[in-house]
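Residue numbers (our numbering): 142 to 401. Note that beta-carbon positions come from the ideal geometry of N, C-alpha and C, so glycine has one too. Bear in mind that the values here come from a model prediction, so they are computed numbers and not experimental data. Note sheet for the following structure.
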């Protein structure tokens, strides 16, 4: 996040210092390690003095710890995420359903929503780590190259999708990643028609996943549920014939709660 994106000229209500502090906190979550001021500065696009002030403030407030030239977040940060999760009935209701689905299929399951042009994970039940990326509640992944993301994109009007593709400029994650906006539009149209999305090693080699929508009271898609597995163990046919029915049943049960 570049410094100029954190400014809002002409808006007296915008607190640039708060925006910078949040940007610094987020860069730690994405890197999953202690960092120096220089490293955090490079990741956020903020100047080193600005990052230093943010970090020292976080240390004094108990949200970060300092060890020499390195800084790391402290457990107190978790209270911020818990405040969201505890006020989000969809995530609370989804967790036991995801746990049941995980136990039934023997695979990791997740619930995600759209946030800042990404899939934001709000609930997850994990069997074992099958990706090099460590996924958890709070993780973010691209919409265009994930099964949940394509389900969420499929619910958008085509004009909104086109604007999204222009904003993010799709890039290759593997040799199988689809990045052409026109083909991605066609894929999303097909997902909307069929009611599910399958990703075959487009996000990471060896990973397959299938996702379905979760509907709110308005009839619009409010979230997506997916199951991820290893391509060496589960075929595309198995995803459709064995995983998809169970996934749809879980989504219907969650949609029926009428929480959103």
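Pairing residue 338 with residue 332, the inter-Cα distance amounts to about 6 Å. For residue 346 against residue 370, the beta-carbon gap comes to about 14 Å, at or over 8 Å, which does not count as contact. For residue 199, same chain residues with a beta-carbon under 6 Å away, outside a window of 5 residues either side, are 205 in chain order. Secondary structure note for residue 288: its alpha helix (DSSP H) is the uninterrupted segment 288-295.
By the beta-carbon neighbour count (other beta carbons within 10 angstroms, threshold 16), residue 362 is buried.
In this structure, the CA atom of residue 303 is about 11 Å from the CA atom of residue 321.
Annotation for residue 196: 165, 178, 181, 205, 207 and 212 place their beta carbon closer than 8 Å to its own, counting only its chain and skipping 5 residues before and after.
For residue 286 against residue 340, the beta-carbon gap comes to about 7 Å, under 8 Å, which counts as contact.
The alpha-carbon separation between residue 219 and residue 326 amounts to approximately 37 Å. Nearest Cα to residue 359 within the set 290, 264, 217 and 396: 396. Residue 353 is positioned such that its CB atom lies no closer than 9 Å to that of residue 380.
Scanning 262, 153, 356 and 194 for the CA closest to the CA of residue 290 turns up 262. Residue 233 has its alpha-carbon roughly 14 Å from the corresponding atom of residue 241. Counting the other CB atoms within 10 Å of its CB gives residue 188 a total below 16, which places it among the exposed residues.
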